[in-house]
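Student: Offset between the sequence shown (1-based) and my numbering: plus 5.
Where a beta carbon is used, it is the ideal one built from N, C-alpha and C, also for glycine.
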Amino acid sequence: MPIQNPADLDLARARLAAAQRLLVITHIAPDGDAIGSLLGLGLALRAAGHAPVLACADPVPEVFRFLAGADTITAAPEGDFDYAVALDVSDPARMGAVGAALGRPPDLVLDHHLTNPGFGALNFIDVAAASTAELVTELLPALGLPLPNEAAQALLTGVVSDTLGFRTSNTTPKTLGLAQTLMQAGGELSRVYDLALFKRSYSAVRLWAEGLSRMQLKHHLIWARLPLEARKAAGFQGIGDADLINLLTSVREADIALIFVERADGKVKVSWRSVAGINVAEVAAQFGGGGHAQAAGAEVAGTLDDVEAQVLAATRPLAKAARTPTPAA
Ligand code: AMP
Ligand code: MN
Ligand code: MN
């Protein structure tokens with residue numbers, strides 16, 4: 006349960022209501038849950054008469070710009086804030102420059118990552134929630150906040166994108182119940198699914214082709230690499246892998262999927278995905294990253310070849326252990 010002490014929730018509600026300058030932050034390289042949670046809480050606060058500053062150190066990806074309020078998200082919040090909330094942020098470094106400028110821990114952290122140490126003054130970390138948007142939806146009434154339809158649309162985007170359309174193994178009846186609440190409040194499931202999860206640019210699919218031509222499968226581990234030249238050849242402007250990792254997880258023979266994305270700053274972005282029963286968050290944490298049992302990531306300094314070799318060596322035992330038959334008890 007996220008709410009260990011209900012008095013904490015009352016405290017958060019009172020502090021939010023009394024706040025003069027509110028800052029709401031989400032994580033760098035934002036995904037749908039980051040933007041959906043940020044806009045969901047932000048638009049709920051605006052509907053309650055607050056004027057929160059919504060912040061993300063990186064730009065809002067094109068696919069989420071259809072959401073109301075997306076154009077009000079800033080990368081460089083100005084001034085001082087008497088109450089700061091961090092959403093979907095698993096550790097302080099993931100707030101990037103926005104967190105550094107804040108100069109103190111957030112007052113409230115709402116998150117669902119297994120690797121979150123609880124770095125806020127108050128923390129509601131529900132690792133059973135399939136998305137932070139799900140947790141925000143659950144907590145809005147207790148925080149004394151309304152659910153206007155534009156906030157519902159944003160939160161539904163968070164729920165749908167982090168569950169890959171309600172198909173990840175952490176999708177629960179509660180997830181569906183809260184999604185129902187969001188639809189009843191005006192969230193448009195088919196539109197959100199189509200815009201945030203399904204439709205993509207031609208250059209993104211060309212990037213898939215680059216990655217798929219560099220794909221390997223060995224011992225139930227599948228991986229692909231995206232060197233800078235692949236990004237150039239595809240004409241892909243965005244950061245990341247254009248969700249190619251999700252395509253790799255569709256390969257039945259694999260228990261773990263990995264992707265290595267070369268970046269211009271000398272680091273390699275690594276993403277791990279695993280079937281239920283294999284925890285990849287720990288191996289990501291060994292490389293300075295983190296995440297969830299079935300989906301984790303890290304940014305690792307080094308060349309593409311070196312990082313690939315190190316990460317494969319550290320991950321291989323997990324795939325092998327999973328397929329080793331356990332002796333009968
Ligand atoms: P990704 O592979 O980037 O899609 O990330 C999978 C999951 O791991 C997401 O929930 C991310 O929030 C989390 N994650 C990715 N990179 C990091 C990192 N460097 N540190 C902590 N968590 C991360
Ligand atoms: Mn996220
Ligand atoms: Mn999330």
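Residue range of the alpha helix (DSSP H) that Asp270 falls in?
Tutor: By one-based count along the sequence shown, residue 270 stands at place 265. Neither: Asp270 is in no alpha helix (DSSP H) and is coded neither H nor E.
Student: Give the C-beta separation of Arg205 and Ala262 to the nearest angstrom, bearing in mind that I take them to be a contact with Cβ-Cβ under 8 Å.
Tutor: Here residue 205 is taken as the residue at index 200 of the sequence shown, counted from 1. Here residue 262 is taken as the residue at index 257 of the sequence shown, counted from 1. Not confirmed; about 18 Å, so no contact.
Student: His297: beta carbon under 7 Å from a heavy atom of ligand 2?
Tutor: Taking the sequence shown and counting its residues from 1, one reaches residue 297 at position 292. The answer is no for His297.
Student: Excluding sequence positions up to five away, which residues of its chain have a Cβ less than 6 Å from the Cβ of Ala12?
Tutor: Within the sequence shown, residue 12 is the residue found at index 7, counting from 1. Answer for Ala12: no residue qualifies.
Student: Could you spell out where the alpha helix (DSSP H) holding Met188 opens and where it closes?
Tutor: Here the question's residue 188 lines up with position 183 in the sequence shown. Element bounds for Met188: Pro178 to Gln189.
Student: Taking Cβ positions, are Ala135 and Thr180 nearer each other than 8 Å?
Tutor: Walking along the sequence shown from the start, residue 135 turns up at place 130. Walking along the sequence shown from the start, residue 180 turns up at place 175. Against a cut-off of 8 Å, the Cβ pair of Thr180 and Ala135 comes out as a contact.
Student: Determine the direct distance from the alpha carbon of Gly293 to that of Glu304, and round the result to whole angstroms.
Tutor: Here the question's residue 304 lines up with position 299 in the sequence shown. Here the question's residue 293 lines up with position 288 in the sequence shown. C-alpha separation (whole angstroms): 7 Å.
Student: Please name the residue in Glu287, Gly243 and Val273 whose C-alpha comes closest to that of Phe63.
Tutor: Locating residue 63 in the sequence shown gives position 58, where the first residue counts as 1. Residue identity check: residue 63 is Asp in the sequence provided, not Phe. Proximity to Asp63 across Glu287, Gly243 and Val273 peaks at Gly243, based on C-alpha coordinates.
Student: Which residue marks the beginning of the beta strand (DSSP E) containing Thr31, and which one marks its end?
Tutor: Translated into positions along the sequence shown, residue 31 becomes position 26. Residues Leu27 to Thr31.
Student: Note down the Cα distance separating Lys237 from Pro97, rounded to an integer number of angstroms.
Tutor: Here residue 237 corresponds to residue number 232 of the sequence shown, with the count starting at 1. Here residue 97 corresponds to residue number 92 of the sequence shown, with the count starting at 1. Answer to the nearest angstrom: the Cα atoms are 32 Å apart.
Student: How far does the alpha helix (DSSP H) with Tyr207 in it extend, from its first residue to its last?
Tutor: Start at 1 with the first residue of the sequence shown, and residue 207 comes out as number 202. Looking at the DSSP string, the run of the alpha helix (DSSP H) that includes Tyr207 is Tyr207 to Leu217.
Student: Excluding sequence positions up to five away, which residues of its chain have a Cβ less than 6 Å from the Cβ of Asp87?
Tutor: Taking the sequence shown and counting its residues from 1, one reaches residue 87 at position 82. Ala24, Gln25 and Arg26.
Student: Going by the C-beta, is His224 closer than 7 Å to any heavy atom of ligand 1?
Tutor: Against the sequence shown, residue 224 aligns to sequence position 219. Not under cutoff, so the answer is no.
Student: What are the boundary residues of the alpha helix (DSSP H) that Asp38 is part of?
Tutor: Position 33 of the sequence shown, counted from the first residue, corresponds to residue 38. Asp38 -> alpha helix (DSSP H) spans Gly37 to Ala52.
Student: Should Ser174 be labelled buried (16 or more other beta-carbon atoms within 10 Å of its own) or exposed?
Tutor: The count along the sequence shown starts at 1 and reaches residue 174 at position 169. Classification for Ser174: exposed.
Student: Count the other CB atoms within 10 Å of the CB of Asn10; is the residue buried (16 or more) or exposed (fewer)?
Tutor: On the sequence shown, residue 10 is found 5 positions in, with the first residue counted as 1. Asn10 is exposed by the Cβ-count criterion.
Student: For Leu253 and Ile227, I'd like the C-alpha separation in whole angstroms.
Tutor: Translated into the one-based positions of the sequence shown, residue 253 becomes position 248. Translated into the one-based positions of the sequence shown, residue 227 becomes position 222. Approximately 7 Å between the Cα atoms of the pair.
Student: Under three-state DSSP, which class holds Gln242?
Tutor: By 1-based counting over the sequence shown, the position of residue 242 is 237. Gln242: coil per DSSP, three-state reduction.
Student: With hydrogens ignored, establish whether the beta-carbon of Ala39 is closer than 7 Å to any heavy atom of ligand 2.
Tutor: Within the sequence shown, residue 39 is the residue found at index 34, counting from 1. Look at Ala39: its beta carbon is less than 7 Å from one of the heavy atoms in ligand 2.
Student: Please work out which residues of its chain come closer than 6 Å, Cβ to Cβ, to Ala334, disregarding the five sequence neighbours upstream and downstream, and give them in chain order.
Tutor: Here the question's residue 334 lines up with position 329 in the sequence shown. Note that Ala334 scores a pLDDT of 45, beneath 50, so its modelled location is shaky and nothing firm can be said.
Student: Return the chain-ordered list of same chain residues with a C-beta closer than 7 Å to the C-beta of Ala269, the five sequence neighbours on each side being excluded.
Tutor: Along the sequence shown, read from residue 1 onward, the residue named residue 269 stands at position 264. The answer, listed in chain order, is Leu233.
Student: Give the secondary structure of Asn128 by DSSP, where H, G and I count as helix, E and B as strand, and everything else as coil.
Tutor: Taking the sequence shown and counting its residues from 1, one reaches residue 128 at position 123. If DSSP states are grouped into helix, strand and coil, Asn128 belongs with the strands.
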